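Novice: Residue numbers (the working numbering), protein chains in the order written: chain A, 148 to 557; chain B, 148 to 557.
Protein chains: 2
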Amino acid sequence: MPLTINTDRLWNDLMEIAKIGGTQKGGCNRQALTDLDIEGRALFARWCAVYEFEINYDSIGNMFARMKGQDDTMSPLVIGSHLDTQPTGGKYDGVLGVLAGLEVMRTIADNGWTPMRPIEVASWMNEEGARFAPAMMGSGVYSGMLDLNDIRAVADIEGISVGDELDRHGYSGFPHAMGKAMHEYLELHIEQGPVLEQEGKTIGVVTGAQGIRWYDLRIRGQEVHAGPFPMAMRRDPMAALPNLIQGVLDIGRMDEKARATMGQIHAYPGSRNVVPGHVDLTIDLRHPDENTLNEMHDRLNKLLADLAEEYKALEVDIRLIWHSPVVAFDDELIAAVRKGVETHGYSSLNIVSGAGHDALMVARKVPTTMVFIPCRDGLSHNEAEYTEPHQVEAGANVLLSAVLDRLDLT
Amino acid sequence: MPLTINTDRLWNDLMEIAKIGGTQKGGCNRQALTDLDIEGRALFARWCAVYEFEINYDSIGNMFARMKGQDDTMSPLVIGSHLDTQPTGGKYDGVLGVLAGLEVMRTIADNGWTPMRPIEVASWMNEEGARFAPAMMGSGVYSGMLDLNDIRAVADIEGISVGDELDRHGYSGFPHAMGKAMHEYLELHIEQGPVLEQEGKTIGVVTGAQGIRWYDLRIRGQEVHAGPFPMAMRRDPMAALPNLIQGVLDIGRMDEKARATMGQIHAYPGSRNVVPGHVDLTIDLRHPDENTLNEMHDRLNKLLADLAEEYKALEVDIRLIWHSPVVAFDDELIAAVRKGVETHGYSSLNIVSGAGHDALMVARKVPTTMVFIPCRDGLSHNEAEYTEPHQVEAGANVLLSAVLDRLDLT
Numbered sequence: 148m149p150l151t152i153n154t155d156r157l158w159n160d161l162m163e164i165a166k167i168g169g170t171q172k173g174g175c176n177r178q179a180l181t182d183l184d185i186e187g188r189a190l191f192a193r194w195c196a197v198y199e200f201e202i203n204y205d206s207i208g209n210m211f212a213r214m215k216g217q218d219d220t221m222s223p224l225v226i227g228s229h230l231d232t233q234p235t236g237g238k239y240d241g242v243l244g245v246l247a248g249l250e251v252m253r254t255i256a257d258n259g260w261t262p263m264r265p266i267e268v269a270s271w272m273n274e275e276g277a278r279f280a281p282a283m284m285g286s287g288v289y290s291g292m293l294d295l296n297d298i299r300a301v302a303d304i305e306g307i308s309v310g311d312e313l314d315r316h317g318y319s320g321f322p323h324a325m326g327k328a329m330h331e332y333l334e335l336h337i338e339q340g341p342v343l344e345q346e347g348k349t350i351g352v353v354t355g356a357q358g359i360r361w362y363d364l365r366i367r368g369q370e371v372h373a374g375p376f377p378m379a380m381r382r383d384p385m386a387a388l389p390n391l392i393q394g395v396l397d398i399g400r401m402d403e404k405a406r407a408t409m410g411q412i413h414a415y416p417g418s419r420n421v422v423p424g425h426v427d428l429t430i431d432l433r434h435p436d437e438n439t440l441n442e443m444h445d446r447l448n449k450l451l452a453d454l455a456e457e458y459k460a461l462e463v464d465i466r467l468i469w470h471s472p473v474v475a476f477d478d479e480l481i482a483a484v485r486k487g488v489e490t491h492g493y494s495s496l497n498i499v500s501g502a503g504h505d506a507l508m509v510a511r512k513v514p515t516t517m518v519f520i521p522c523r524d525g526l527s528h529n530e531a532e533y534t535e536p537h538q539v540e541a542g543a544n545v546l547l548s549a550v551l552d553r554l555d556l557t
Numbered sequence: 148m149p150l151t152i153n154t155d156r157l158w159n160d161l162m163e164i165a166k167i168g169g170t171q172k173g174g175c176n177r178q179a180l181t182d183l184d185i186e187g188r189a190l191f192a193r194w195c196a197v198y199e200f201e202i203n204y205d206s207i208g209n210m211f212a213r214m215k216g217q218d219d220t221m222s223p224l225v226i227g228s229h230l231d232t233q234p235t236g237g238k239y240d241g242v243l244g245v246l247a248g249l250e251v252m253r254t255i256a257d258n259g260w261t262p263m264r265p266i267e268v269a270s271w272m273n274e275e276g277a278r279f280a281p282a283m284m285g286s287g288v289y290s291g292m293l294d295l296n297d298i299r300a301v302a303d304i305e306g307i308s309v310g311d312e313l314d315r316h317g318y319s320g321f322p323h324a325m326g327k328a329m330h331e332y333l334e335l336h337i338e339q340g341p342v343l344e345q346e347g348k349t350i351g352v353v354t355g356a357q358g359i360r361w362y363d364l365r366i367r368g369q370e371v372h373a374g375p376f377p378m379a380m381r382r383d384p385m386a387a388l389p390n391l392i393q394g395v396l397d398i399g400r401m402d403e404k405a406r407a408t409m410g411q412i413h414a415y416p417g418s419r420n421v422v423p424g425h426v427d428l429t430i431d432l433r434h435p436d437e438n439t440l441n442e443m444h445d446r447l448n449k450l451l452a453d454l455a456e457e458y459k460a461l462e463v464d465i466r467l468i469w470h471s472p473v474v475a476f477d478d479e480l481i482a483a484v485r486k487g488v489e490t491h492g493y494s495s496l497n498i499v500s501g502a503g504h505d506a507l508m509v510a511r512k513v514p515t516t517m518v519f520i521p522c523r524d525g526l527s528h529n530e531a532e533y534t535e536p537h538q539v540e541a542g543a544n545v546l547l548s549a550v551l552d553r554l555d556l557t
């Protein structure tokens, strides 16, 4: 019989911490660096104190709970995720990864083992990016993808900056995030998509993450009155939208791994009796293969060139505003996850992460992988987010087995 | 030689009043019931006082300058428009119609004539609808299309209501707008479109106004994450837009008098990495023939039924939120305008108003017509709005001739 986590303890912890910022619809609102976020972290720290896991912070507000190793000078194996939530978030996104990490350390301690190297559970600051943009701040600063001082200057909608809050909560005096050595990094997370549920699989073995390209697009025409101006004389930017939108969706369907999303669209000045002067929209292209993502990029540019040719009265401007290259996770860690799946006899599927996660940032510096479990209807960032106790159990067991394997604890 | 207006005097008045609320780009910002609007009205009143034209108001803040008739108990012939402007408006929209009315009365007085019935110049309150929506408030209340108490309750973006401002400026105690009898109504206005300029015509003989139908449309899909969710499993409302937008534009091209405008479009929640849960857009359909406008309405409903059939995973809701029937102006007044055009030897074109005007409201109660003059590039609601002195002259002369004809002053 393989070692297993204590499902009731983990599930009870998930339900208990969800009361901090709990919403009427059963979700959670515990946004980064708010008093509720700090209250959630304090509860987590009390659970850690029972096992004498030491708590440390860094200057961007990342929180680490440490189980000592036999050789405590070795760099830690780190398990992590985040305790902050969306304003109308659920009980599992992020929180599961942190509490499952704690449960792994408790299970090892309960079994009387001391690992060779230390284990730490990281709770990264502001993964969600809801109160302060961008997302994945703590892990981004840790990995060197984001600059500490730039991030300190970011303000929320009320003008309160990240730096103000780091000062207020006493995090600013801790060591700089980037100095911390880590041996390996593992993260358990709900899938936030429907694939595992649809395929009837218990565990997602995450092999990497999609590459992402974000574009801002503007189609310029001429702002004129909806009544007097004849149709034939108009330069209506809406006229280019049918071919544009169809073309972008076709790019997203070039193979079954591709994704194309237009999440924002807005006409200016936005008056119902004025032909828009311009229409702005955003395009999000994703693919797990970098070459194919490049091909999607080329097809988008070709589409826009064709549009410019067809609608000479309009101007089409495009700007690539972000490119996140494809991430490939560490082969040895992936193998350890697969071994954990086999150990427990769970069904599984190789999967590529479509959403952003702290692990994608950490992977720039440290060998990393992730484990996914299904969530109901693929819903996340939603108060209705749900994953069943037996699914939580399976994910945490695989995480435990992978950690034991990497630490040669058997 | 027909009687003509004093072009320099009228042009100088236009330039003088434009200083009140004048903008750096040469436009005007004199929004309804602001202190600047009142200052503009006070200047107008001082010009009227020179000729002893009496000023009166009604309880919605409409302003009337009166030239006495030989039989002063007769209902007045009214010339009017508005002195309020858009926030980045021009010098001519509305203001021209009021000052040309004054110029017509001055010219008659200078010529030593007293008309049989009184003449009045109306400056309607809040034609623009910029600070307080809807537009055409003063003429709308006058004509019974809007309710005085409803309109008093309308607040601007700072929470100040129309009623507050009517009280503050002392208008509330005047008689109710609806009680006022008028014999006939004439309004001179810039075209706010490009047709007269394109056709090289001096005067637009306005035969009526387009009928208008306003719709709010919502396409519902499902809000999911842009990364994990496979394209084939999405219910992306953007997918219906190509056929929808093309279909609406095609309805707008069913004949050369038709218009179709989508001025607002917005995706919710409006995050670049979230497939929209729904997309809202507005549709504005116009036609000068009521039967054809009905046909456009039917074609729109057919289009939406086809879309619902094609995209079964989406829901399409449409709401008709406003229907302004086709307005036909008064035949005798149109004939008087045509006679004025011939008297002065101007070129002209029959035209249907595409924009909203106080005259469209007044026409519900009183025999009405309008005169249009060209504006450069068809631009209006824009600080670059411009019409040349000789064009202003032509418009005011036609207005004068039509008034003289209707009053048998020759």
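Note that beta-carbon positions come from the ideal geometry of N, C-alpha and C, so glycine has one too.
Please read these numbers as outputs of a predicted model, since none were measured by experiment.
Counting contacts by CB-CB distance shorter than 9 Å, is B/S418 in contact with chain A?
Specialist: What you label residue 418 of chain B is simply residue 271 of the second sequence in a count that begins at 1. Answer yes: the Cβ-Cβ gap between B/S418 and chain A drops below 9 Å somewhere.
Novice: Go ahead and label B/M162 buried or exposed: buried means 16 or more other beta carbons lie within 10 angstroms of its beta carbon, across all protein chains shown.
Specialist: Here residue 162 of chain B corresponds to residue number 15 of the second sequence, with the count starting at 1. Classification for B/M162: exposed.
Novice: Would you list the one or two residues that DSSP bridges to A/I430?
Specialist: As a first step, residue 430 of chain A must be located in the first sequence, where it is residue number 283. As DSSP reads the structure, A/I430 sits in a beta bridge with A/Y362.
Novice: Would you mind telling me which residues of chain C sit closer than 8 Å to A/G424, beta carbon to beta carbon, in chain order?
Specialist: Protein chains in the displayed structure are A and B, and chain C is not among them.
Novice: Looking at the unbroken alpha helix (DSSP H) that takes in B/H491, where does it start and where does it end?
Specialist: Taking the first residue of the second sequence as 1, we reach residue 491 of chain B at position 344. Start and end: 478-491.
Novice: Going by the DSSP bridge assignment, what does B/H470 pair with across the sheet?
Specialist: Residue 470 of chain B sits at position 323 when you count from the first residue of the second sequence. Its beta-bridge partners are B/R360.
Novice: Can you find at least 3 beta carbon pairs, one from the stretch 439-452 of chain A and one from the stretch 407-417 of chain B, that sit closer than 8 Å?
Specialist: no
Novice: In or out: B/M263 buried (at least 16 other Cβ within 10 Å) or exposed?
Specialist: Along the second sequence, read from residue 1 onward, the residue named residue 263 of chain B stands at position 116. Exposed, by the Cβ-count rule.
Novice: Using a 10 Å radius around the Cβ and a threshold of 16 neighbouring Cβ atoms, would you call B/V197 buried or exposed?
Specialist: Position 50 of the second sequence, counting from 1, holds the residue named residue 197 of chain B. Label assigned to B/V197: exposed.
Novice: Taking only beta-carbon positions, decide if A/W361 is within less than 9 Å of chain B.
Specialist: Here residue 361 of chain A refers to the residue found at position 214 when the first sequence is read from its first residue. Interface residue, yes.
Novice: Taking the alpha carbon of B/H125 as the reference point, which residue from B/P149, B/M148, B/D155 has its own alpha carbon closest?
Specialist: No answer is possible for residue 125 of chain B: it lies beyond the span of chain B, which begins at 148 and ends at 557.
Novice: Within the same chain, show all residues whose beta-carbon is closer than 7 Å to that of B/L396, passing over the 5 residues directly before and after it, in chain order.
Specialist: For the purposes of this step, residue 396 of chain B is taken as the residue at position 249 of the second sequence. So the qualifying residues of the chain are A407.
Novice: To the nearest angstrom, report how far apart B/R466 and B/L428 are at their CA atoms.
Specialist: On the second sequence, residue 466 of chain B is found 319 positions in, with the first residue counted as 1. On the second sequence, residue 428 of chain B is found 281 positions in, with the first residue counted as 1. The straight-line gap from Cα to Cα measures roughly 11 Å.
Novice: Less than 9 Å separating the beta-carbons of A/G227 and A/V288?
Specialist: By one-based count along the first sequence, residue 227 of chain A stands at place 80. By one-based count along the first sequence, residue 288 of chain A stands at place 141. Taking 9 Å as the Cβ cut-off, A/G227 and A/V288 do not qualify as a contacting pair.
Novice: Measure the C-alpha to C-alpha separation of B/E274 and B/E201 and round it to an integer number of angstroms.
Specialist: Within the second sequence, numbered from 1, the residue matching residue 274 of chain B stands at position 127. Within the second sequence, numbered from 1, the residue matching residue 201 of chain B stands at position 54. If I take the Cα positions, the gap works out to 23 Å.
Novice: So, using beta-carbon positions, are B/V371 and B/L496 closer together than 9 Å?
Specialist: As a working note, residue 371 of chain B is residue 224 in the second sequence. As a working note, residue 496 of chain B is residue 349 in the second sequence. It is not a contact, given that the beta carbons lie outside the stated cut-off.
Novice: Can you tell me the Cα-Cα spacing of A/A386 and B/T235, whole angstroms?
Specialist: The residue labelled residue 386 of chain A in the question sits at position 239 within the first sequence. The residue labelled residue 235 of chain B in the question sits at position 88 within the second sequence. Looking at the backbone, the Cα of A/A386 and that of B/T235 are separated by about 27 Å.
Novice: For A/E334 and chain B, any beta-carbon pair shorter than 9 Å?
Specialist: In the first sequence, the residue the question calls residue 334 of chain A occupies position 187. Not one chain B Cβ lies under 9 Å of A/E334.
Novice: Taking the beta carbon of A/N338 as the centre, do at least 16 other beta carbons fall within 10 Å, making it buried, or is it exposed?
Specialist: Here residue 338 of chain A refers to the residue found at position 191 when the first sequence is read from its first residue. A small fix is needed here, since residue 338 of chain A is Glu in this sequence, not Asn. By the Cβ neighbour-count rule, A/E338 is buried, with 16 or more other Cβ atoms within 10 Å of its own.
Novice: Using the DSSP secondary-structure output, state which residues sit across from B/S495 in a beta bridge.
Specialist: Here residue 495 of chain B refers to the residue found at position 348 of the second sequence. Note: B/S495 sits in a beta bridge opposite B/I350.
Novice: Chain A partners of B/S527, CB-CB under 8 Å?
Specialist: Translated into positions along the second sequence, residue 527 of chain B becomes position 380. H372, listed in chain order.
Novice: Return the bridge partner residues of A/N203 from the DSSP annotation.
Specialist: Here residue 203 of chain A refers to the residue found at position 56 of the first sequence. A/N203 pairs with A/F211.
Novice: Does the CB of A/F191 have a neighbour CB from chain B at under 9 Å?
Specialist: Taking the first sequence and counting its residues from 1, one reaches residue 191 of chain A at position 44. Taking Cβ atoms only, chain B never reaches closer than 9 Å to A/F191, which makes this a no.
Novice: Do you know whose CA, among B/G173, B/A256, B/D464, lies nearest B/G237's CA?
Specialist: Within the second sequence, the letter at position 90 stands for residue 237 of chain B. Of the candidates B/G173, B/A256, B/D464, the one whose C-alpha sits nearest the C-alpha of B/G237 is B/G173.
Novice: State the start and end residues of the unbroken alpha helix (DSSP H) segment that holds B/L161.
Specialist: Within the second sequence, numbered from 1, the residue matching residue 161 of chain B stands at position 14. First-last of the alpha helix (DSSP H) with B/L161: 154-164.
Novice: Can you check which of these residues, B/S500, B/H528, B/G317, is closest to B/F519 by C-alpha distance?
Specialist: Here residue 519 of chain B refers to the residue found at position 372 of the second sequence. It is B/S500.
Novice: Report back the beta-carbon spacing between B/T439 and B/D477 to the nearest angstrom; my notes put them in contact at under 8 Å.
Specialist: Sequence index remark: in the second sequence, residue 439 of chain B carries index 292 (1-based). Sequence index remark: in the second sequence, residue 477 of chain B carries index 330 (1-based). With a Cβ gap of about 22 Å, B/T439 and B/D477 do not count as contacting.
Novice: What do you reckon, are the CB atoms on A/M325 and A/P265 nearer than 9 Å?
Specialist: On the first sequence, position 178 is the one that residue 325 of chain A refers to. On the first sequence, position 118 is the one that residue 265 of chain A refers to. No.
Novice: If we ignore side chains and look at the alpha-carbon of each, how far apart do A/N390 and B/F376 end up?
Specialist: In the first sequence, residue 390 of chain A corresponds to position 243, counting from 1. In the second sequence, residue 376 of chain B corresponds to position 229, counting from 1. Whole-angstrom Cα-Cα distance: 24 Å.
Novice: Out of curiosity, what's the CA-to-CA distance linking B/L432 and B/G399?
Specialist: For the purposes of this step, residue 432 of chain B is identified with residue 285 of the second sequence, where counting begins at 1. For the purposes of this step, residue 399 of chain B is identified with residue 252 of the second sequence, where counting begins at 1. For B/L432 and B/G399, the distance between alpha carbons rounds to 7 Å.
Novice: Alpha helix (DSSP H) containing A/Y415: first to last residue?
Specialist: The residue labelled residue 415 of chain A in the question sits at position 268 within the first sequence. It is not in any alpha helix (DSSP H) - A/Y415 instead sits in the beta strand (DSSP E) that spans 412-415.
Novice: Taking just the CA atoms, how far does A/K459 sit from B/E489?
Specialist: As a first step, residue 489 of chain B is located in the second sequence; it is residue number 342 there, counting from the start. As a first step, residue 459 of chain A is located in the first sequence; it is residue number 312 there, counting from the start. If you take the alpha carbons of B/E489 and A/K459, they lie about 41 Å apart.
Novice: From the beta carbon of B/F376, is the nearest beta carbon of chain A less than 9 Å away?
Specialist: Walking along the second sequence from the start, residue 376 of chain B turns up at place 229. Judged by the 9 Å Cβ criterion, B/F376 is in contact with chain A.
Novice: Can you list, in chain order, the residues of its chain with a C-beta nearer than 6 Å to that of A/Q233? Leave out the 5 residues immediately preceding and following it.
Specialist: The sequence position of residue 233 of chain A within the first sequence is 86, counting from 1. Excluding positions up to five away in sequence, the list reads E275, A277, H528.
Novice: Nearest to A/D231 by alpha carbon, out of A/G241, A/R553, A/V225, A/P472?
Specialist: For the purposes of this step, residue 231 of chain A is taken as the residue at position 84 of the first sequence. Comparing Cα-Cα distances from A/D231 to each of A/G241, A/R553, A/V225, A/P472, the minimum goes to A/G241.
Novice: Could one say the Cβ of B/A255 lies closer than 9 Å to chain A's Cβ atoms, at least one of them?
Specialist: Translated into positions along the second sequence, residue 255 of chain B becomes position 108. For the record, residue 255 of chain B in the displayed sequence is Ile; it is not Ala. False, the Cβ-Cβ gap to chain A never drops below 9 Å.
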